[in-house]
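Residue numbers (full-length UniProt numbering): 1 to 404.
Here's what the structure looks like:
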């Protein structure tokens with residue numbers, strides 16, 4: 001991920017403050033105090049995520065640095081001490097990302113979330129739905145200008161098909177008045193499969209109906225914007241949607257993901273919707289003599305063993321549900337054919353046995369015992385059978401798999 005940022009500001013104190021704050025946000029900051037220094041940095045790097053530019057510099061007092069940076073095809077955020085409608089129109093016409101007034105620290109408090117947004121935007125994919133190619137392309141260009149990937153649809157029916165084909169779409173921007181299927185009808189149908197947290201929807205319309213906003217929101221849209229819209233308001237609405245989605249995604253991870261291993265936790269296992277597959281295998285596995293690992297190498301050594309096993313599980317079961325069930329116990333739920341599943345289980349067990357764990361100056365070696373169930377039963381019953389077979393594997397000498 002490119003997190004390189006150019007800061008051009010002639011005030012040393014303000015420049016240092018910007019550098020400090022942006023660095024704390026995870027940016028790799030290159031700073032300059034003049035037009036000449038900025039030009040030199042641009043020639044050396046050319047691939048900044050964005051640039052924060054003081055409008056008035058000692059060697060470029062009329063915003064020339066903006067045109068310089070834009071000529072290198074870089075995204076621009078302008079810092080200016082004076083502002084009026086004419087300046088705003090001029091900035092927007094140049095195609096800058098945003099502008100900030102240098103009147104208080106409040107400007108920096110706006111800049112930092114904007115910086116994070118520009119860095120995070122490449123993980124997002126928007127579906128733009130409008131029967132007008134002109135409007136559709138305009139919205140797509142606005143999004144792509146801030147690193148958001150786009151896919152376009154000309155009506156609600158096509159949009160629903162594209163949603164099925166592109167599982168990485170994170171939000172939808174849709175017009176209302178369209179042939180075949182209008183925006184509100186499409187929104188209702190989308191909400192049958194996606195809730196507001198998993199897929200955000202921003203409704204658009206040039207219709208002057210006073211009830212349209214309420215209709216869109218009641219159908220399941222997260223927000224609504226009237227056309228023609230102000231570019232700045234459009235970005236604010238989109239940023240708000242994405243901020244909310246990312247916060248919700250983070251909360252979901254905190255609630256459902258094991259912090260140490262990155263695997264799902266048992267809460268996720270029991271709350272996930274049924275996949276609908278006919279073949280469902282469950283394996284329970286446990287690190288052998290784990291207490292001895294902790295006693296010998298300390299809890300850091302035990303953590304290293306847990307992470308090693310988890311990483312190997314991710315390699316052998318990338319498409320399956322892999323869970324840290326508790327302590328040193330793990331659970332795998334798979335829809336693979338049983339013979340294939342058993343083969344992967346055995347290969348994984350051997351990989352764990354042969355993989356030394358480097359910890360400080362020591363090499364820790366662990367093995368695992370596994371119990372497997374493929375009975376036609378509910379999850380709790382499958383786990384109980386797999387757990388019984390896990391204990392049978394331990395009773396038989398450990399470091400083996402029991403599946404019948």
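Ideal Cβ positions, reconstructed from N, Cα and C, are used throughout, including at glycine. This one's a predicted model, so the numbers in the text were calculated from it and none came from an experiment.
- The alpha carbon of residue 260 has as its nearest neighbour, out of 295, 273, 301, 109, the alpha carbon of 301.
- Comparing C-alpha distances from residue 268 to each of 306, 238, 322, 293 shows the shortest one belongs to 322.
- For residue 122, the CB contacts under 6 Å within the same chain, skipping 5 residues up- and downstream, are 147 in chain order.
- With contacts defined by Cβ atoms closer than 8 Å, residue 202 and residue 221 form a contacting pair.
- About 6 Å separates the CB atoms of residue 330 and residue 313; that is less than 8 Å, so the two are in contact.
- DSSP, reduced to helix, strand and coil, places residue 319 outside both helices and strands of the structure shown, so it counts as coil.
- For residue 73, the three-state secondary structure derived from DSSP is coil.
- Listed as beta-bridge partners of residue 363 by DSSP are 358.
- Straight across, the Cα-Cα distance linking residue 227 with residue 131 is about 14 Å.
- Counted as a single uninterrupted DSSP element, the beta strand (DSSP E) harbouring residue 28 occupies residues 28 to 32.
- For residue 248, same chain residues with a beta-carbon under 8 Å away, outside a window of 5 residues either side, are 197 in chain order.
- Unbroken alpha helix (DSSP H) stretches of 4 residues or longer found wholly inside the region 225 to 295: 231 to 256, 266 to 271, given in chain order.
- Going by beta carbons, residue 324 and residue 239 fall outside the 8 Å limit.
- For residue 205, the number of other beta carbons within 10 angstroms of its own is at least 16, and it is reported as buried.
- Taken in chain order, the complete alpha helix (DSSP H) segments of 4 or more residues contained in the region 133 to 171 are 133 to 144, 156 to 165.
- DSSP lists no bridge partner for residue 335.
- Taking a 10 Å sphere around the C-beta of residue 105, we find fewer than 16 other C-beta atoms and assign the residue as exposed.
- Burial check for residue 95: the Cβ neighbour count within 10 Å stays below 16, so the residue is exposed.
- Looking from the CA of residue 237, the closest CA among 266, 173, 99 belongs to 173.
- Cα atoms of residue 273 and residue 98: separation of roughly 42 Å, rounded to the nearest angstrom.
- DSSP places residue 324 within a strand segment (E or B) once states are collapsed to three.
- By the neighbour-count criterion, in which a residue is buried when 16 or more other Cβ atoms sit within 10 angstroms of its Cβ, residue 245 is buried.
- Judged by DSSP secondary structure, residue 199 falls outside any alpha helix (DSSP H); it is assigned neither H nor E.
- Closest in C-alpha terms to residue 402, from the list 380, 368, 377, comes 368.
- Membership of residue 4 in the beta strand (DSSP E) is indicated by the continuous run 4 to 8.
- DSSP, reduced to helix, strand and coil, places residue 96 outside both helices and strands of the structure shown, so it counts as coil.
- When DSSP reads this structure, residue 401 sits in a beta bridge with 370.
- For residue 391, the CB contacts under 8 Å within the same chain, skipping 5 residues up- and downstream, are 371 in chain order.
- Boundaries for residue 375: no alpha helix (DSSP H) harbours it, and the DSSP string shows neither H nor E there.
- In this structure, DSSP gives residue 81 a state outside helix and strand, which the three-state scheme calls coil.
- With contacts defined as CB atoms closer than 8 Å, residue 35 and residue 75 fail to qualify as a contacting pair.
- Boundaries of the beta strand (DSSP E) harbouring residue 127: 125 to 129, taken from the DSSP string.
- In this chain, the alpha helix (DSSP H) harbouring residue 216 covers 212 to 219.
- Setting aside the 5 residues that flank it on each side, residue 241 is surrounded in the same chain by 171, 200, 202, 222, 223, each with a C-beta closer than 8 Å to its C-beta; the list follows chain order.
- The C-alpha of residue 309 is placed about 17 Å away from the C-alpha of residue 266.
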